[in-house]
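Notes follow once the structure below has been shown.
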Amino acid sequence: MEYLTLAPVASFIFAITIGCTLLAFSNEELYGKMMLHPYSVYRRSNVYTLITSGLIHKDWMHLFFNMFSFYFFAFDLEVTIGHWQFAVLYITSLILSDLPSVVKHKNDFWYNSLGASGAISAVIFSSILYFPMAGMTIMILPIPMPAIVFGILYMVYCNYASRYSRDNINHDAHLFGALCGVFITIILNPKVVPIFVQQITMAIQSHLH
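Per my numbering, the very first residue in the sequence shown carries number 8; after that it's consecutive.
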């Protein structure tokens with residue numbers, strides 16, 4: 008209940024994403040209709056899939072990874088930046104991060120993609136702007152690290168996956184979502200830049216002394 012009060016937008020997105028994914032797992036027709044189909048979107052058909060594709064996931068592991076990342080960053084971020092600001096960040100990044108894939112695969116009729124990766128990347132990198140030195144641990148590498156280091160490793164993985172993966176997960180959206188997260192956050196609150204620089208500077212100075 009505390010999350011509902013402090014971060015209602017993140018709570019709603021968290022719940023509806025899990026709910027839609029589980030529903031799509033048991034309904035193949037719905038699953039197909041919600042996936043992003045760049046060939047159609049480029050021709051101004053099924054444009055709604057720019058949003059619905061972010062509500063479903065390929066499998067349980069894909070869902071768990073994205074929702075774990077969302078849980079780790081989104082609720083605190085909404086408390087920090089505000090409710091409508093968080094909604095703007097998430098929805099805008101969800102849509103914009105898919106557009107490069109639409110252009111890239113505009114003539115590939117058999118290509119589909121899905122996942123909330125772009126929007127979640129935006130959340131992660133928006134949070135990193137505010138809390139670059141926040142400590143965190145990821146499951147596959149149980150070593151505490153600053154959030155900014157996690158962000159760098161995350162982008163390295165995304166670049167690799169975008170080049171070599173052969174699944175329906177939109178790995179390209181990770182990179183563009185991260186960029187959206189940074190730029191939209193700065194537009195919403197330009198003061199975050201000196202805050203970010205100050206925290207990095209203080210961290211470096213503390214390690215030198």
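Using N, Cα and C, we set each Cβ at its ideal position, and we do this for glycine too. Keep in mind it's a predicted model, so treat the numbers as computed, not measured.
For residue i, which of the options has the nearest alpha-carbon?
i	options	result
Leu96	Leu84, Pro107, Leu106	Leu84
His64	Tyr46, Phe32, Phe79, Ile159	Phe32
Ala94	Phe21, Trp117, Gln212	Phe21
Asn182	Tyr38, Ile202, Asp105	Position check: residue 182 holds Leu in this sequence, whereas Asn was assumed. Cα-wise, what sits closest to Leu182 is Asp105.
Leu160	Phe77, Phe132, Leu37	Phe132
For residue i, which beta-bridge partners are listed by DSSP?
i	result
Met143	Met152
Leu43	Ser120
Report back the beta-carbon spacing between residue i and residue j to the nearest angstrom; my notes put them in contact at under 8 Å.
i	j	result
Leu103	Ala123	That pair is no contact at about 13 Å.
Val156	Ala81	Contact flag wrong, Cβ pair sits at about 20 Å.
Leu5	Thr99	This structure cannot speak to residue 5, because the chain is shown only from 8 to 216.
Phe79	Met162	So it is not a contact: roughly 17 Å between Cβ atoms.
Ala180	Ser108	6 Å
Val199	Leu136	5 Å
With DSSP as the reference, label residue i as helix, strand or coil.
i	result
Ser128	helix
Ser120	strand
Is the region 107-124 close to the region 185-198, with three or more CB pairs under 8 Å?
no
Say whether the region 40-58 touches the region 72-79, bearing in mind that this needs 3 or more beta-carbon pairs closer than 8 Å, one atom from each stretch.
Too few Cβ pairs lie closer than 8 Å, so no.
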